[in-house]
Structures are given as structure tokens and as C-alpha cells.
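Counting from 94, one number per residue, gives the positions in the sequence shown under this note's numbering.
Note that the Cβ used here is the ideal one computed from N, Cα and C, for glycine as well.
As the structure is a prediction and not an experimental result, all values here were calculated from the model.
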Amino acid sequence: MKMHALRRILAVVVIAAACSTYLFVSIAVAQEKSSGAMITMPSPKLDGSVSVEKGLAERRSVRAYKPEAVSMEEVSQILWAAQGITEPSKGYRTAPSARGTYVIHVYLVAGNVSGLPAGLYRYEPKGHTLVKLSEGDKKGDLLKAAGQAPIGPAPAALIISGVTDRSAANPNWMYLEAGHASQNVYLQAFTLKLGTVTMAGFKPEAVSRALNLPEKEQPIYIMPFGRK
Ligand SMILES: Cc1cc2nc3c(=O)[nH]c(=O)nc-3n(C[C@H](O)[C@H](O)[C@H](O)COP(=O)(O)O)c2cc1C
Numbered sequence: 094m095k096m097h098a099l100r101r102i103l104a105v106v107v108i109a110a111a112c113s114t115y116l117f118v119s120i121a122v123a124q125e126k127s128s129g130a131m132i133t134m135p136s137p138k139l140d141g142s143v144s145v146e147k148g149l150a151e152r153r154s155v156r157a158y159k160p161e162a163v164s165m166e167e168v169s170q171i172l173w174a175a176q177g178i179t180e181p182s183k184g185y186r187t188a189p190s191a192r193g194t195y196v197i198h199v200y201l202v203a204g205n206v207s208g209l210p211a212g213l214y215r216y217e218p219k220g221h222t223l224v225k226l227s228e229g230d231k232k233g234d235l236l237k238a239a240g241q242a243p244i245g246p247a248p249a250a251l252i253i254s255g256v257t258d259r260s261a262a263n264p265n266w267m268y269l270e271a272g273h274a275s276q277n278v279y280l281q282a283f284t285l286k287l288g289t290v291t292m293a294g295f296k297p298e299a300v301s302r303a304l305n306l307p308e309k310e311q312p313i314y315i316m317p318f319g320r321k
């Protein structure tokens with residue numbers, strides 16, 4: 094083989110290697126960007142003008158929402174009400190937990206939240222942040238899996254899931270904890286003039302599959318929310 098033909102082959106090999114390295118790095122960067130990113134939320138307000146008594150007296154399940162965005166401030170407040178840390182030295186939260194084991198996780202399915210790309214996020218009480226798990230509006234998938242019409246038009250929904258392997262001492266604890274968190278969300282939504290409803294009428298496996306939730310978690314409640 095002549096020298097110039099050899100050089101040409103070598104050049105093609107080098108270019109191909111450079112292209113595939115570039116492609117590999119680009120894909121890795123894109124994946125990094127689309128999952129695992131931490132989003133800091135506005136700090137929650139620790140005081141308000143609506144009394145607990147008014148919230149208890151007037152709270153109702155709301156299943157119709159205006160087609161308007163909810164704000165990051167509202168999402169932050171709702172997530173804090175569900176599981177926010179209120180005593181950092183001990184990690185205690187807004188809702189009680191048997192032996193402080195905290196056997197629930199809260200996820201946000203964001204469809205129309207101003208300042209937040211549509212996607213699935215996990216709420217991290219420590220640091221009051223969101224961890225992006227996947228991009229794109231998952232509400233359609235959630236609606237199909239749960240078969241509950243109010244999910245469709247809601248700008249966002251919470252999923253409260255139980256961590257099954259940490260609930261070993263008593264498998265009922267995760268359901269009880271989910272109930273406490275859910276009532277907090279009802280009351281907080283009321284003070285924000287938002288509507289919500291707690292839903293348990295769905296097949297947990299179907300919802301888990303639709304959102305690709307971890308194997309050792311079981312979705313207990315879905316709480317769509319939005320402006321009423
Ligand atoms: C364990 C549980 C499961 C529920 N599941 C659903 C549900 O799947 N879909 C729904 O629209 N509402 C559901 N709800 C809401 C109830 O229908 C609602 O709380 C009830 O009608 C009383 O109305 P109120 O919340 O306005 O007081 C559920 C409530 C609880 C406590």
C-alpha cells in the first residue's frame with residue numbers, strides 16, 4: 094500500500110475516534126443535565142394570615158383547576174408543608190413520624206410551574222431542594238396510570254410514596270405518615286387559595302411503572318393541585 098493511502102486511512106480513523114469521543118461526552122453531559130440536577134427553591138414562609146381553625150373549617154377536596162401556572166413559591170410552600178424540616182438539629186419535620194424513621198418520599202410531577210421545566214422531581218427535605226429525575230410533562234402518563242380525570246388539567250401533582258424496606262418494623266407506618274403529610278398539604282393549599290384532592294384509588298404498580306419510581310417504594314397518594 095502506498096504511503097499517501099496509509100495516511101488517508103489513519104486520518105479517517107483519527108477523525109472517527111474524535112467524533113465518537115465528542116458524541117460520548119455530549120451524551121454524558123446531556124444526561125447529567127437532564128437528571129440528578131439539584132434545584133434550590135424559595136424558602137418557605139413560616140407565618141401566615143389564615144388561622145388553622147379556618148383551614149380546618151373550610152378545607153374541601155377540589156378536583157377542578159384553572160389552566161394557569163402555579164409559582165415556585167407555591168410549590169415550595171406545598172412541599173414544605175408535606176415534609177419540610179422544622180428542627181434542623183434533629184431533622185424533625187412538619188408531619189410526625191413513628192420513631193422519627195420518615196418512611197415516605199414526596200415527588201413533584203411538574204407540568205405548568207412557572208420557572209421550573211416540566212418533569213419529575215424528588216423533594217429533598219434536607220436543604221429544601223428538588224432533584225430532577227426526568228424531563229418532560231409526565232402528567233399524561235400519570236393520568237393514564239391512575240385513571241383519575243382531575244390529574245389532567247392540574248398544573249402539578251404530588252406523589253407521596255412509602256419506602257417499603259424502611260417500614261419493616263410496622264408496614265402500616267408509611268400509610269399513617271402519608272395521611273399526616275396529606276392533611277398538611279390540604280391545609281397549606283387552602284391558605285394559598287389553591288385546590289387539591291388526595292387520591293388513593295389507583296393501582297400502585299401502574300403509577301410506579303409510569304413514573305419509574307424505585308422498586309422499594311410504593312405510591313400511596315396522588316395529590317394534583319392548582320388554582321381553583
Ligand atoms: C384514603 C383516601 C382515599 C381517597 N381517594 C380518592 C380518590 O381516589 N379520588 C378522589 O377523587 N378522591 C379521593 N379521596 C378524597 C375523598 O373523596 C374526600 O376526602 C371525601 O369525599 C370528603 O370530601 P372532603 O375532602 O372535601 O371533606 C380520598 C380520600 C382518602 C382519605
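Query raised in the report: Cβ-heavy atom distance between Ser301 and ligand 1 below 7 Å?
Result: No, since every heavy atom of ligand 1 falls outside the 7 Å radius drawn around the Cβ of Ser301.
Query - As assigned by DSSP and simplified to three states, the class of Pro317 - result: Reduced to three states, the DSSP call for Pro317 is strand.
Query raised in the report: If you measure from the CB of Arg153, is any heavy atom of ligand 1 nearer than 7 Å?
Result: Distances between the C-beta of Arg153 and the heavy atoms of ligand 1 include at least one below 7 Å.
Query raised in the report: Should Gly288 be listed as close to ligand 1, given that the test is whether its C-beta is under 7 Å from any heavy atom?
Result: It does not: the Cβ of Gly288 is nowhere closer than 7 Å to a heavy atom of ligand 1.
Query raised in the report: Within 7 Å: the Cβ of Gly319 and any heavy atom of ligand 1?
Result: For ligand 1, not one heavy atom lies less than 7 Å from the Cβ of Gly319.
Requested in this report: Would you mind reading off the limits of the alpha helix (DSSP H) that contains His273?
Outcome: Note, His273: alpha helix (DSSP H), 266 to 284.
Query - Three-state secondary structure (DSSP) of Leu139 - result: Leu139: coil per DSSP, three-state reduction.
Requested in this report: Whole angstroms is fine: what's the gap from Tyr115's alpha carbon to Ile253's?
Outcome: Below a pLDDT of 50, predicted positions are generally treated as unreliable, and Tyr115, at 41, falls in that range; the measurement from the model is reported next regardless. Going from the Cα of Tyr115 to the Cα of Ile253 covers about 40 Å.
Query raised in the report: Within the present structure, is the beta-carbon of Gln241 separated from the nearest heavy atom of ligand 1 by less than 7 Å?
Result: Because some heavy atom of ligand 1 lies under 7 Å away, the Cβ of Gln241 counts as near it: yes.
Query - Under the three-state DSSP convention, the category Ala157 falls into - result: Ala157: coil per DSSP, three-state reduction.
Query raised in the report: In chain order, what residues of the same chain lie with their CB nearer than 6 Å to the CB of Phe117, ignoring the 5 residues before and after it?
Result: Because Phe117 carries a pLDDT of 37, less than 50, the predicted location of this residue cannot be relied on, and the following value inherits that uncertainty. Taken in chain order, the list of residues that qualify is empty.
Report task. For Asp258, I'd like the list of residues in its chain whose CB is within less than 8 Å of its CB, leaving aside the five on either flank, ordered along the chain. Result -> These residues qualify, in order along the chain: Lys309.
Query - Gly319 burial status per 10 Å Cβ neighbour count (16 or more: buried) - result: That one is buried.
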